[in-house]
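A.B. asks: Here the protein sequences line up with chains B and W, keeping their order.
Under the numbering used here, the first residue of the first sequence is numbered 1, with each subsequent residue one higher.
Under the numbering used here, the first residue of the second sequence is numbered 471, with each subsequent residue one higher.
Note that the Cβ used here is the ideal one computed from N, Cα and C, for glycine as well.
There are 2 protein chains.
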Amino acid sequence: MYAVILAGGSGTRFWPLSREATPKQLLRVFGEKTMIQQTVSRLRDTLPAGNIYIITGRKYVPDIRSQVEAVAGAGLKIVTEPEARNTAPAIGLAALYIRRRSADAVMAVMPSDHVITKDDAFRKVLKKAAEIARKGYLTTIGVLPDRPETGYGYIQKGASLTKTDGIEGFKVQRFVEKPDAATARKYLKSGDYLWNSGIFVWRAKDILAEIRRQMPELHKGLASIEKAIGTKKEEEVTREVFSGIRPVSIDYGVMEKAARVAVVSADIGWCDMGSWIALAEVSPKDAVGNVITGNVIDIGSKDSIIYAGSRLIATIGLKGTVVVDTPDATLICGKEHTQDVRKVVVELKKKGAEELLEHVTVVRPWGSYTVLEVGNRYKIKRIVVNPGAKLSHQLHHHRSEHWVVVSGTARVTVGDKTYNVHPNESTYVPLSTGHRLENPGKVPLHLIEVQNGDYTAEDDIIRLEDDYGR
Amino acid sequence: MYAVILAGGSGTRFWPLSREATPKQLLRVFGEKTMIQQTVSRLRDTLPAGNIYIITGRKYVPDIRSQVEAVAGAGLKIVTEPEARNTAPAIGLAALYIRRRSADAVMAVMPSDHVITKDDAFRKVLKKAAEIARKGYLTTIGVLPDRPETGYGYIQKGASLTKTDGIEGFKVQRFVEKPDAATARKYLKSGDYLWNSGIFVWRAKDILAEIRRQMPELHKGLASIEKAIGTKKEEEVTREVFSGIRPVSIDYGVMEKAARVAVVSADIGWCDMGSWIALAEVSPKDAVGNVITGNVIDIGSKDSIIYAGSRLIATIGLKGTVVVDTPDATLICGKEHTQDVRKVVVELKKKGAEELLEHVTVVRPWGSYTVLEVGNRYKIKRIVVNPGAKLSHQLHHHRSEHWVVVSGTARVTVGDKTYNVHPNESTYVPLSTGHRLENPGKVPLHLIEVQNGDYTAEDDIIRLEDDYGR
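1. Let me know the secondary structure DSSP gives W276/B once reduced to three states.
2. Ordered along the chain, which non-local residues of its own chain (more than five positions away) have a Cβ less than 6 Å from that of G11/B?
3. Could you say which of E919/W, P900/W, V474/W lies nearest to A880/W if we only look at CA atoms?
4. Sort V884/W, K547/W, V718/W by Cα distance to G520/W and report the nearest one.
5. Checking contacts by CB at 8 Å: is R13/B closer than that to chain W?
6. With 9 Å as the limit, tell me which residues of the segment 361-373 of chain B have their beta carbon closer than that to any beta carbon of chain W; keep them in chain order.
7. Could you spell out the range, first to last residue, of the beta strand (DSSP E) harbouring D416/B?
8. What does a CB cutoff of less than 7 Å around V874/W pick up in its chain, not counting 5 residues either side in sequence?
9. Relative to the C-alpha of K335/B, which candidate in R311/B, I305/B, Q67/B has its C-alpha closest?
10. For the segment 689-710 of chain W, which residues have a beta carbon sitting closer than 8 Å to at least one beta carbon of chain C?
11. Smallest Cα separation from V646/W: which of G639/W, W665/W, S630/W, A652/W?
12. Using only the alpha-carbon positions, how far apart do A698/W and L749/W sit?
13. State yes or no: is the beta carbon of I297/B nearer than 8 Å to at least one beta carbon in chain W?
14. Check the C-beta distance from A94/B over to V4/B and give it rounded, since I have them as a contact under 8 Å.
15. Relative to chain W, which residues along the segment 319-336 of chain B have a C-beta separation below 8 Å, given in chain order?
16. Which value, in whole angstroms, describes the spacing of the CA atoms of K633/W and A591/W?
17. Can you find at least 3 beta carbon pairs, one from the segment 784-803 of chain W and one from the segment 282-290 of chain B, that sit closer than 8 Å?
18. Give the C-beta separation of V263/B and I116/B to the nearest angstrom, bearing in mind that I take them to be a contact with Cβ-Cβ under 8 Å.
19. Whole beta strand (DSSP E) runs in the segment 850-920 of chain W with 3 or more residues, listed along the chain?
20. What are the residues in the segment 892-905 of chain W lying within 8 Å of chain B by C-beta distance?
21. Along the beta strand (DSSP E) that carries K633/W, what are the first and last residues, could you check?
22. Do Q37/B and V79/B have their C-beta atoms within less than 8 Å of each other?
23. Helix, strand or coil for P111/B, going by three-state DSSP, please let me know.
24. Given this structure, state the Cα-to-Cα distance separating D721/W from Y839/W, to the nearest angstrom.
25. Tell me, please, whether the CB atom of T550/W is closer than 8 Å to any CB atom in chain B?
26. Mind listing the chain B neighbours of L865/W? Cutoff is C-beta to C-beta under 7 Å, in chain order.
27. Whose C-beta lies closer than 6 Å to the C-beta of S767/W among residues of the same chain, with five residues either side of it excluded?
28. Just checking: is the beta-carbon of S400/B within a distance shorter than 8 Å of some beta-carbon in chain W?
29. Quick check: does the Cβ of V549/W come within less than 7 Å of any heavy atom belonging to the ligand ADP?
30. What distance in whole Å lies between the Cβ atoms of I141/B and A266/B, which are believed to be in contact at a cut-off of 8 Å?
31. Which one of L596/W, S771/W, V833/W has the shortest CA to CA distance from R673/W?
32. Closest to V429/B by C-alpha separation, out of A457/B, H396/B, H422/B, would be which residue?
33. Using DSSP with H/G/I as helix, E/B as strand and the rest coil, what is Y722/W?
34. Give the straight-line distance between the Cα atoms of K820/W and D303/B, rounded to the nearest whole angstrom.
35. If we ignore side chains and look at the alpha-carbon of each, how far apart do G621/W and I561/W end up?
36. How would you label I87/B, buried or exposed, when you count the other beta carbons within 10 angstroms and need 16 or more for buried?
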């Protein structure tokens, strides 16, 4: 068995916690691990690392790699989508690789940013789904609804196919779109409907066959890629194919009209985290329905989600309100408007707002930096270098840098000199001078950097050498 | 004629814009000038600076002096209250000083943090009130109500005393407390009631006579102070008297039972700015009732007040909500709960929260500093020194300081050496070493300070010499 994790999403509905550089799957939204770390950990108990494929955009690869290796070790396969083209092309691409591994391989496909709280139940459901998939069914996971949710699509069950240990598989009668409230109540009451989780299990060859039947253009593209796999042209062909294909979801492109479709009903503590509301669904609430985290003083709010960090948020008498605070941006919105966070993102794009792109703290393979202030001709950063880590050997043409070490020891190379800088000592890196920063010690190195120059953006960097292949 | 401005208020209801170090009267809440600057400017057109008394607490004196001198020149009298004891003792103290200037002096008493948008009308009302005061009435300014406000006290008019240019004075029938909504509607409809503005005009000798009659203990204390005025003991006696007297408002202590009380009805665009709601009363609203300032992206909010600075605030679908953002703290509250901001302040006091005390940017006589980050054994500040200004000659026992000049030129003295530091240069001030920072140039000096040490609070400072007498 193989698994494919779809990790290309941009997570705009979780702004301001998510940013273009750090979409939802890379965030600790719920629990100690990031969403993708949770997804990988859940699979890793039963699958070898080499059977887990993560498909994502190029810009997310370094972060995803370091996150998943931290919880699952090396060896996971990361497949780069040249461009985001919705789920059908991504799944088709992954299926190619997996079919090459084994002609009858069964693959489970799942998003990287769903919450599943019952891991054991999930593994049992996957096993049952795999059993059905081996009979040639495209099998979906259908979640037992516990409320008349209007935010999810539903699956109507057909005839029972198999049942063991209380886990039952059915033929699919039909897929239905997100219902209105009255219809959702009817679905819940009838007991015939399950939530469409977007988690699928099938043989790679079966999904590719359905793609050939229903999406011939995509199939043609995938066939060209398959020919190029393992050759020098693989990357180029993949890029060309992706640039030409239409973005289509696997649900719309394949599932709704597929021939043999099954569903396994699942009680797995699932939530798709499609908006801030979903956070309240999976989090413990106080006596009056609030979910409150971080540095918050609240007086008498109800049914509200208040998600703060270290900045102080004071709330009084809110009802059904969502507050999400980050160092550089705060969202305040009625619960019924959480889907409109997308509209805010559109406005931010129009304005070219920095707050859309990145957090003030940016995680790097060697540690992290936090932008404390950007002003006219200067920028101030706090830099943390992990023990033993080393930044690239680099130079900047438009800025010089002053470094003041606050704690830990820095090994600094400026030009052809290398020396140590200790707490309460400083050093200076002139313009256009090769330099390198390293933490030779056993504790994190914290230093303050004051940049001076006519241009202080991150792209004024020439890397002469880099431990991380950047 | 004399004026007394009561400027001792701590302005807790305007948190997080107001802080303990910068109460409402020192803030630009509405318009380009601070509240006290507006109050002084309004009086200064008709009164010489030397006839304006400002009574406030010791800690506010330097900021008040620099603010009022910036709009009204030197010469205003600032009277220091040793302790805040509500309005009656403060007014009694000011009346002593004014009666010494002239036995029949008329004084107008007013808060420092009210909005008055019709300055001409206000001056005419004061003139009429002074005319009545000269006949021995304790005269109040009663504002014509335009809505059934439940947040103000009311004054019921009695017999007409005088009318000129449409401005009419009446005997006061009675003072009434803040009414409930039904009563407020009745008051508005009757036309017999005016809002109690807390602005008074009377002869100094008349208010002192009423204090003697109704508050004999306070009068006794004032008599001891009067004897000490002009002697070496003045400050000490004032401090002793204030430490012993009860805090009582002039309304409760004197006005409600005073013998000859009059009211002048006024249409002066008055608002007491008692809470964030009041800001909406005096500000222009958009088509759906919002008052929005600063870096805000709003999608579909109504009847809301969104008060931001340079941090990004995104709001969606709020109704009747108040959002106030500052760099280190954000308040979000239903409009009907704005009075409960006091409760937040109580919580902050319990926690000993920094966010109650000061803003991250602190204004000093020589410029300002902004705390960018405080961490373990370090603190980072951006410092702005005005052209020609000089910080005190000082030393710190627990921290050393690294300075990086970003723009302008610094003249730095460290130990017995004095030298200039230019943009993109840095210097270092060791522990326990006398040092001084000065801007000898014509443009503001901006520098970044990185403090290192086991204690980085502001009170580790020994001033060897100071231009500002601190």
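C.D. replies: So, from the listed chains and residues:
1. As a first step, residue 276/B is located in the first sequence; it is residue number 276 there, counting from the start. DSSP, reduced to helix, strand and coil, places W276/B within a helical segment of the structure shown.
2. Residue numbering aside, residue 11/B sits at position 11 when the first sequence is read from its first letter. Answer for G11/B: S18, P23, K24, listed in chain order.
3. Numbered from its first residue, the second sequence carries residue 880/W at position 410. The shortest Cα separation from A880/W among E919/W, P900/W, V474/W belongs to E919/W.
4. In the second sequence, the residue the question calls residue 520/W occupies position 50. Here the closest residue by C-alpha is K547/W.
5. On the first sequence, residue 13/B is found 13 positions in, with the first residue counted as 1. Not closer than 8 Å to any Cβ of chain W, the Cβ of R13/B fails to qualify, so no.
6. T370, L372, E373
7. Numbered from its first residue, the first sequence carries residue 416/B at position 416. Premise fails: D416/B is in no beta strand (DSSP E) and is neither H nor E.
8. By 1-based counting over the second sequence, the position of residue 874/W is 404. When the five nearest sequence neighbours on each side are left out, the beta carbons in the same chain lying within less than 7 Å of the beta carbon of V874/W are those of S896, L917, I918, in order along the chain.
9. For the purposes of this step, residue 335/B is taken as the residue at position 335 of the first sequence. For K335/B, the closest C-alpha among the options R311/B, I305/B, Q67/B is that of I305/B.
10. The question asks about chain C, but that chain is absent: this structure's protein chains are B and W.
11. Counted from its first residue, the second sequence places residue 646/W at position 176. For the residues G639/W, W665/W, S630/W, A652/W, the minimum Cα distance to V646/W belongs to W665/W.
12. Along the second sequence, read from residue 1 onward, the residue named residue 698/W stands at position 228. Along the second sequence, read from residue 1 onward, the residue named residue 749/W stands at position 279. Per the coordinates, the alpha-carbon of A698/W lies some 43 Å from the alpha-carbon of L749/W.
13. In the first sequence, residue 297/B corresponds to position 297, counting from 1. Taking Cβ atoms only, chain W reaches closer than 8 Å to I297/B, which makes this a yes.
14. Within the first sequence, the letter at position 94 stands for residue 94/B. Within the first sequence, the letter at position 4 stands for residue 4/B. With a Cβ gap of about 4 Å, A94/B and V4/B count as contacting.
15. Correct list: K319, T321, V323, D325, D328, A329, T330, L331, I332, C333, G334, E336.
16. For the purposes of this step, residue 633/W is taken as the residue at position 163 of the second sequence. For the purposes of this step, residue 591/W is taken as the residue at position 121 of the second sequence. K633/W and A591/W: Cα-Cα distance of roughly 14 Å.
17. no
18. The sequence position of residue 263/B within the first sequence is 263, counting from 1. The sequence position of residue 116/B within the first sequence is 116, counting from 1. So it is not a contact: roughly 17 Å between Cβ atoms.
19. Complete beta strand (DSSP E) runs here, min 3: 863-865, 869-877, 880-884, 887-891, 896-899, 905-908.
20. P893, N894, S896, Y898
21. Taking the first residue of the second sequence as 1, we reach residue 633/W at position 163. 624-634 is the extent of the beta strand (DSSP E) around K633/W.
22. The residue labelled residue 37/B in the question sits at position 37 within the first sequence. The residue labelled residue 79/B in the question sits at position 79 within the first sequence. No, Cβ-Cβ distance for Q37/B and V79/B is not below 8 Å.
23. Within the first sequence, numbered from 1, the residue matching residue 111/B stands at position 111. Note: P111/B maps to strand in three-state DSSP.
24. Here residue 721/W corresponds to residue number 251 of the second sequence, with the count starting at 1. Here residue 839/W corresponds to residue number 369 of the second sequence, with the count starting at 1. The straight-line gap from Cα to Cα measures roughly 41 Å.
25. Translated into the one-based positions of the second sequence, residue 550/W becomes position 80. No, T550/W does not count as interfacial toward chain B.
26. To locate residue 865/W, count along the second sequence from 1; it is residue 395. Chain B residues near L865/W: none, gap ~16 Å exceeds 7 Å.
27. Here residue 767/W is taken as the residue at index 297 of the second sequence, counted from 1. Reading the sequence as shown, one finds Ile at residue 767/W and not Ser. Counting only Cβ-Cβ distances below 6 Å, and skipping sequence neighbours, we find A784.
28. Along the first sequence, read from residue 1 onward, the residue named residue 400/B stands at position 400. S400/B counts as touching chain W.
29. Inclusion of the ligand ADP in the displayed structure is not the case, the ligand content being empty and no account of it being possible.
30. For this step, residue 266/B is matched to residue 266 along the first sequence. For this step, residue 141/B is matched to residue 141 along the first sequence. Yes, they are in contact, since the Cβ atoms of A266/B and I141/B sit about 5 Å apart, within 8 Å.
31. One-based indexing of the second sequence puts residue 673/W at position 203. The candidate whose alpha carbon is nearest that of R673/W is L596/W.
32. On the first sequence, residue 429/B is found 429 positions in, with the first residue counted as 1. Residue H396/B is the option with its Cα nearest to V429/B.
33. Reading the second sequence from its first residue, position 252 is the one you call residue 722/W. If DSSP states are grouped into helix, strand and coil, Y722/W belongs with the helices.
34. Here residue 820/W refers to the residue found at position 350 when the second sequence is read from its first residue. Here residue 303/B refers to the residue found at position 303 when the first sequence is read from its first residue. Using only the alpha carbons, I get a separation of about 26 Å.
35. Stepping through the second sequence from its first residue, residue 621/W is reached at position 151. Stepping through the second sequence from its first residue, residue 561/W is reached at position 91. C-alpha separation (whole angstroms): 24 Å.
36. In the first sequence, the residue the question calls residue 87/B occupies position 87. In the sequence on display, residue 87/B carries Thr and not Ile. When all chains shown are included, T87/B counts as buried.
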